[in-house]
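All remarks here apply to the structure that follows.
Numbering (the working numbering), first residue to last: 1 to 752.
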């Protein structure tokens with residue numbers, strides 16, 4: 001009998017059951033989806049690094065001898081080390097490849113995709129598979145590559161990926177990889193000897209578990225001060241992917257967790273109302289001899305069934321969400337280059353899948369069990385409404401002069417506080433998500449405008465060959481009417497950061513302050529980025545640093561704070577000369593067109609940078625609209641569910657109103673006014689909380705970008721209009737029920 005009753009009850013409360021099911025599906029789907037996303041990036045990266053022998057340290061110098069390599073191998077706790085060559089090459093189609101040569105590929109190696117396998121004696125070129133795809137290059141096609149001092153004419157023998165180029169960016173100004181114009185290739189020592197007469201290496205890769213400070217100390221002691229050391233934590237691929245992981249963790253902690261909590265709260269509220277409405281049915285079962293525990297177990301099945309079905313469908317949704325982001329053609333593939341894109345669930349995701357249905361079943365059991373207290377006779381009677389004393393508001397002059405619909409809604413909210421609070425939370429949470437998402441979009445657009453309108457007044461960025469002198473670089477700057485920049489690695493509080501030395505006499509390259517106003521660079525001090533300022537280096541404070549590989553401390557004064565894409569400090573060329581800092585000009589910024597120049601290793605146009613940014617915006621827009629859709633669905637489900645329960649609770653009162661002459665239109669107006677109040681309260685709290693959530697997300701992004709929060713008019717329009725539309729549509733659906741109201745049945749319900 002009770003088995004058939006399960007089906008009947010599910011059908012009787014199908015609207016509430018469907019809403020609870022949707023909430024569980026949404027909550028589980030978004031929570032697990034976001035956690036699968038960041039955890040999959042982390043696990044795929046770990047597997048990729050293990051497969052390719054990704055080293056912990058990179059040592060750079062003009063050249064390394066075999067003896068120097070042996071010094072590195074003799075460091076304490078070094079598992080393996082090998083020499084390598086990295087040099088930028090250009091092709092006839094105005095694209096660029098970073099040429100790599102590994103002296104020993106036994107431990108460190110590229111990842112095989114197609115063709116022949118890379119080895120020390122391999123012939124030909126081993127090319128990035130994405131570069132080959134973008135430029136329609138096939139196996140055995142010949143490439144002509146011109147690097148510094150030599151030219152290569154060889155066929156493509158293999159297609160590869162490299163963990164060293166997990167994020168393949170030409171330089172720090174590029175936001176996303178562009179494999180059509182820049183990638184990498186590998187040559188064997190045999191090939192480089194063929195073109196240079198002998199193998200030449202400017203890099204040492206070393207795998208060691210030593211701390212960065214200990215490894216640096218041993219390296220500087222053995223190899224001298226002319227080296228530069230980069231740990232895996234500072235390498236672009238690792239730091240960039242780590243930024244994605246940390247952002248994913250932050251997102252998964254804030255937004256999806258709230259979805260889960262709202263789902264559980266909705267379940268609690270709904271089951272409480274259903275148990276109240278089923279009170280007489282429970283009394284009948286008790287009268288027929290069913291024990292209290294059996295009845296409670298029966299009703300707990302609703303929570304358990306909804307929990308199991310919702311969780312299972314939610315898991316499918318979660319993998320769908322994660323796959324949309326993590327797949328070879330998904331948004332994340334425009335940034336990261338993995339050989340395989342597998343999805344992995346963190347261990348606590350499995351716990352959620354198991355424990356959530358059980359928790360919902362227990363909650364349902366406890367709610368129903370409390371409703372069954374007392375005798376069968378008492379349970380057969382409808383639950384009496386609690387006596388509500390006149391509140392402070394009801395004693396005010398405002399209340400006494402208020403309209404009937406105002407008094408009605410105030411009393412209804414005070415009597416049904418739980419339902420009112422849950423409705424406000426539904427609107428609030430929807431508003432928070434929508435406003436934060438739209439604000440993130442406006443913030444990134446504002447960042448783009450600041451970057452390209454205030455910082456970048458040039459059309460072409462020229463990267464110079466590493467072999468040319470500063471004198472030659474200055475001649476080129478004069479020839480191309482260019483500003484120029486030199487980047488130097490420095491140590492600041494045991495952390496490696498970038499010192500940018502700038503000459504912007506032509507106002508083509510600039511930096512902006514924290515309010516995004518262009519700074520006029522002055523001599524006599526340094527400008528620090530916001531991240532360094534937050535470490536305690538504020539304006540007028542002394543800052544001490546040393547050039548990488550040198551123990552000589554250089555002191556200067558902080559004279560300004562700026563926004564920067566890289567963590568570092570800035571100074572003018574005159575200031576660098578006064579402090580005795582040696583540097584090499586690496587980059588020119590010009591508005592002139594530069595066709596071919598042997599002194600220029602690569603040219604990046606402003607259009608290319610903008611295209612990369614626009615690609616990132618497209619990826620962000622798709623994710624933002626998905627979150628907005630999820631937020632709207634959340635609001636619809638929560639509000640419709642609670643409004644339906646509210647309708648059931650108020651059915652006797654509405655019947656009374658109809659009896660005394662209130663039309664359907666007037667009753668609908670009362671419901672609309674109450675809904676508008678709840679929506680306004682949710683908006684008033686939700687908009688500031690949305691800004692606060694965005695602030696938290698921007699702090700999580702601070703490791704990669706320094707951006708100021710911005711909200712455009714569209715953010716306010718969407719953030720306000722969408723919750724209002726959702727609320728009004730919901731109440732419209734509920735108000736239609738008043739036309740079919742059975743007044744006789746409703747008014748006779750409590751005659752007993």
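For every residue, glycine included, the Cβ atom is placed at its ideal position computed from N, Cα and C.
- Contact between the region 15-28 and the region 76-87 is absent: fewer than three C-beta pairs spanning the two stretches fall below 8 Å.
- With fewer than three CB-CB distances shorter than 8 Å, the region 226-241 does not count as touching the region 322-331.
- Under the DSSP assignment, residue 100 falls in the beta strand (DSSP E) whose first and last residues are 96-102.
- Contact between residue 257 and residue 429 does not hold, since their C-beta atoms are separated by about 11 Å, which reaches or exceeds 8 Å.
- Separation of the CB atoms of residue 539 and residue 561 is rounded to 7 Å, and the pair is thereby assigned contact status at 8 Å.
- For the 8 Å CB-CB criterion, residue 501 and residue 509 do not form a contact.
- According to the DSSP secondary-structure assignment, residue 583 is paired through a beta bridge with no residue.
- Here residue 407 has 399 as same chain residues with Cβ atoms under 7 Å from its own Cβ, once five neighbours each way along the sequence are excluded.
- Residue 338 is classed as buried because its beta carbon has at least 16 other beta carbons within 10 Å across all chains shown.
- Membership of residue 370 in the alpha helix (DSSP H) is indicated by the continuous run 347-371.
- Listed in chain order, the non-local C-beta contacts of residue 530 below 8 Å within the same chain comprise 514, 561, 562, 563, 564, 702, 706, local neighbours out to five positions each way being set aside.
- Rounded to the nearest angstrom, the gap between the Cα atoms of residue 108 and residue 336 is 20 Å.
- Your pair residue 616 and residue 176 checks out as a contact, with CB atoms roughly 5 Å apart and the cut at 8 Å.
- Judged by beta-carbon spacing, residue 179 lies beyond the 8 Å limit of residue 112, meaning their Cβ atoms are not closer than that value.
- Out of 114, 405, 314, the CA that lies nearest to the CA of residue 26 is found in 314.
- Around the C-beta of residue 9, 16 or more other C-beta atoms lie within 10 Å, and the residue is accordingly described as buried.
- Within the region 33-69, the complete beta strand (DSSP E) runs of at least 3 residues fall at 57-60.
- Counting along the chain, the unbroken beta strand (DSSP E) around residue 146 starts and ends at 142-147.
- Between the region 480-498 and the region 577-590, the count of Cβ pairs shorter than 8 Å is three or higher; the stretches touch.
- Sequence-distant Cβ neighbours of residue 138 in its own chain, meaning closer than 8 Å and more than five residues away, are 132, 156.
- The alpha helix (DSSP H) runs of length 4 or more contained entirely in the region 490-573 are, from start to end of the chain, 530-534.
- As computed with DSSP, residue 114 is found in a beta bridge with 159.
- Inter-residue distance for residue 547 and residue 204 is about 20 Å (C-alpha atoms, whole angstroms).
- Remark: three or more beta-carbon pairs, one from each stretch, lie closer than 8 Å, so the region 617-627 and the region 440-457 are flagged as touching.
- For the pair residue 37 and residue 343, the Cα-to-Cα distance works out to about 8 Å.
- The region 664-684 makes contact with the region 420-428; the number of CB pairs closer than 8 Å reaches 3 or more.
- The residues 223, in chain order, have a CB closer than 7 Å to that of residue 68 in the same chain once the five nearest residues on each side in sequence are set aside.
- Listed in chain order, the beta strand (DSSP E) elements of length 3 or more contained wholly in the region 180-241 are 182-187, 203-208, 228-231.
- Here residue 341 is near residue 44, since their CB atoms are less than 8 Å apart.
- Under the three-state reduction of DSSP output, residue 298 falls in the helix class.
- Apart from the 5 residues on each side of it in sequence, residue 433 sits with its Cβ closer than 7 Å to the Cβ of 255, 627, 631 in its chain, given in chain order.
- DSSP places residue 460 inside the beta strand (DSSP E), whose first and last residues are 460-464.
- For residue 89, the uninterrupted beta strand (DSSP E) segment begins and ends at 78-91.
- In the structure shown, residue 614 falls within a helical segment according to DSSP collapsed to helix, strand and coil.
- Membership of residue 126 in the beta strand (DSSP E) is indicated by the continuous run 125-128.
- Residues of the same chain with a CB within less than 7 Å of the CB of residue 209, apart from the 5 flanking positions on each side, are 77 in chain order.
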